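Each remark here refers to the structure printed beneath this line.
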Amino acid sequence: MTALISLSATPDGSVQDASLQNSGVAVLEILHGLHQGVALILDKPVYVIGSAASADLVLGDADIAAQHARLRFSDDRIAIEAMGSDVTVVDALGQHLVISKGHGQRLGLPVELKLGQSHVRLRSTRPATAASAVPGALRAFRLPALGALLLLVTCATAFAFRAPPEAVHNAAANTPQMAVQVAAPTLAEARSWLDQALRDARLGQLRIEEQDGQLSVAGSYPAALKNSWLQVQRAFDSRFGQRVVLTPNVQVSAAVATPRVRLQAVWFGRNPYVIDEHGKRVYPGALLADDWTLESIEGDQVHLVRGQERFAFTL
Numbered sequence: 000m001t002a003l004i005s006l007s008a009t010p011d012g013s014v015q016d017a018s019l020q021n022s023g024v025a026v027l028e029i030l031h032g033l034h035q036g037v038a039l040i041l042d043k044p045v046y047v048i049g050s051a052a053s054a055d056l057v058l059g060d061a062d063i064a065a066q067h068a069r070l071r072f073s074d075d076r077i078a079i080e081a082m083g084s085d086v087t088v089v090d091a092l093g094q095h096l097v098i099s100k101g102h103g104q105r106l107g108l109p110v111e112l113k114l115g116q117s118h119v120r121l122r123s124t125r126p127a128t129a130a131s132a133v134p135g136a137l138r139a140f141r142l143p144a145l146g147a148l149l150l151l152v153t154c155a156t157a158f159a160f161r162a163p164p165e166a167v168h169n170a171a172a173n174t175p176q177m178a179v180q181v182a183a184p185t186l187a188e189a190r191s192w193l194d195q196a197l198r199d200a201r202l203g204q205l206r207i208e209e210q211d212g213q214l215s216v217a218g219s220y221p222a223a224l225k226n227s228w229l230q231v232q233r234a235f236d237s238r239f240g241q242r243v244v245l246t247p248n249v250q251v252s253a254a255v256a257t258p259r260v261r262l263q264a265v266w267f268g269r270n271p272y273v274i275d276e277h278g279k280r281v282y283p284g285a286l287l288a289d290d291w292t293l294e295s296i297e298g299d300q301v302h303l304v305r306g307q308e309r310f311a312f313t314l
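First residue of the sequence shown? That's 0 in numbering that gives the first Met the number 0, and the numbers climb one at a time after it.
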């Protein structure tokens, strides 16, 4: 195992890896954590992985630094730089190594990394090369076999040229289509799915936002719904994680008592409103009892807000 190297000593891969930028240089697979099951093709020579939105690869697990580590790919090797926190590495032989913050390590692929509560694997996209071994007893047959092969190819080529064009066309037409192009999910489809999943999990008060072709969720939720939020996040990553990144900006809210607001009926049609306890129509933006404000009426929920507190009635 090589010794730890400083960050300044890590070679720059901008020239060496230029030829790899047009194809995947590695595959990232998440083995454990919030995004378990996600697999991504990495097509750039350098990636920063962390919890900040500015990172190239964003992880929402606990104990992930804003810019946790930098990954530099060169052929079938990787230079790992621990930027914001320590990184635990398991190499191809199963040996464990802890890269301290401010240091780096250069290893061959595949490797496994433990970043906070997340466990990922990085492997090369290059096919494995197997060295050809020819037994000594067969070496004497190389030239005769090569001659026979050339003769066979020549005969096959001559036959192909004499074959009628219709036969060639029919053979091509009868070839089964093995590859089926699957349409990638769009950002709108991902947002629609996420919106419905949040409503089904009684998390409709969380806000979905779009930025730079990605999605983020902001707001707060009761502690009792933490598992529901985690299940929604895992399901989203499993379904859309390879195409759309979901950045969580949510937090557990303090316990909010049920508002002492009495509603007799709700109209969800055009220009929605509620009927309060006095039989009056109340539209979004109106003030209710205990300083609660009717924020919105969406789907099957009535949203109330009071300062930083939010509450949603699900009907």
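Ideal Cβ positions, reconstructed from N, Cα and C, are used throughout, including at glycine.
These numbers come from a predicted model, not from an experiment.
Inter-segment contact for the region 223 to 243 and the region 277 to 292 is absent: fewer than three beta-carbon pairs are separated by less than 8 Å. When Gln-250, Leu-224, Arg-261 and Asp-211 are compared, the shortest CA-CA separation from Val-243 is found for Asp-211. In this chain, the beta strand (DSSP E) harbouring Arg-69 covers 68 to 73. By the CB criterion at 8 Å, Val-216 and Thr-124 fall outside the cutoff.
Between Val-86 and Ile-98, the CB-CB gap stays under 8 Å. Within the same chain, Gly-115 and Gln-116 come within 7 Å of Ala-61 by CB-CB distance, once the 5 residues on both sides are set aside. In the DSSP assignment, Ser-53 is bridged to no other residue. The residues Ser-227 and Val-231, in chain order, have a CB closer than 6 Å to that of Ala-200 in the same chain once the five nearest residues on each side in sequence are set aside. Taking C-alpha positions only, Lys-113 is separated from Gly-218 by approximately 29 Å. Distance between His-95 and Lys-225, taken at the CA atoms: about 33 Å. Taking all protein chains in view, the Cβ of Gln-104 is crowded by 16 or more other Cβ atoms within 10 Å, so the residue is classified as buried.
If you look at Lys-225, you'll find it in the alpha helix (DSSP H) that goes 225 to 239. Arg-305 sits in a strand when the DSSP states are folded into three classes.
Sorting Gln-213, Asp-299 and Gly-306 by C-alpha distance to the C-alpha of Pro-184 places Gln-213 at the top. A check of alpha carbon separations from Ala-81 across Val-47, Gly-284, Thr-313 and Val-37 identifies Val-47 as the nearest. Under the three-state reduction of DSSP output, Leu-286 falls in the strand class.
If the five residues before and after Arg-122 are omitted, its C-beta is found closer than 6 Å to the C-beta atoms of Val-26, Leu-108 and Pro-109, all from its own chain and listed in chain order.
Nearest neighbour of Ala-78 by Cα position, chosen from Leu-106, Leu-229 and Leu-56, turns out to be Leu-106.
Shortest Cα-Cα distance from Glu-297 to any of Arg-261, Leu-205 and Pro-44 involves Leu-205. In the DSSP secondary-structure assignment, Thr-292 is bridged to Leu-286 and Val-304.
Residue environment analysis places Gly-36 among the exposed positions, since fewer than 16 neighbouring C-beta atoms fall within 10 angstroms of its C-beta. By the criterion of a C-beta distance shorter than 6 Å, His-67 is surrounded in its chain by Ile-48, Gly-49, Gly-83, Ser-84 and Leu-114, once the five residues flanking it on both sides are discounted.
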